[in-house]
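Trainee: Note that the sequence shown ends on residue 127 in my numbering; no numbers are left out.
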Amino acid sequence: MSYSDLFTQPHMHTLYADHHGWLQTWLRRKLGCAFTAEDLTHDTFLRLLVRPRELDAKRDPRAYLTTIAQGLVVDHWRRREIERVWLDAIMELAEPLVPSAEHQAVILETLVEVDRILARLPSKPRE
């Protein structure tokens, strides 16, 4: 199957129709949350549209979808940990020093991005 064949609208529709329910169930079991599973299922197929890669016709599409989804699960867990630590830090602040909700969201996004950048570095510079 060629690159152009894989990401034609009819093929993506078939891929989605054939595997969406299975992937969402797999993610729900892994995460224990139906809402997060729905979000990550959506994000998995979105990633296929935004950053398409060639799919080997001999390879099971579910293996490919699982690989993408697993990466999104890891990102989700990392983000949750960063958010937990950030919220713990805010709880230690005196009321007048607590940033507004908007600033908190910007700071959290910045922390997640810094984590992403650091994760790409070799271990010595990262430490």
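Note that beta-carbon positions come from the ideal geometry of N, C-alpha and C, so glycine has one too. Every value quoted in this text rests on a predicted model; they were computed, and no experiment measured them.
Report all residues from its chain with a CB closer than 7 Å to the CB of A34; omit the five preceding and five following residues, and keep chain order.
Mentor: Closer than 7 Å at Cβ, skipping near neighbours: R28.
Trainee: What residue from I90, G71, P61, L49 has the CA that sits closest to K30's CA?
Mentor: Per the Cα distances, G71.
Trainee: By the three-class DSSP mapping on this structure, what secondary structure does A57 have?
Mentor: Confidence in A57 is poor, its pLDDT being 49 and thus under 50, which makes the residue's placement unreliable; the coordinate value appears in the next sentence. Coil.
Trainee: Check whether the Cβ atoms of R165 and H19 lie closer than 8 Å to each other.
Mentor: Because the chain is modelled from 1 through 127, residue 165 falls outside the range shown and cannot be assessed.
Trainee: Measure the Cβ-Cβ separation of V112 and I82 and say whether it is below 8 Å.
Mentor: In this structure, I82 lies closer than 8 Å to V112 by Cβ.
Trainee: Helix, strand or coil for E81? Go by DSSP, reduced to three states.
Mentor: The answer is helix: DSSP assigns E81 an H, G or I state.
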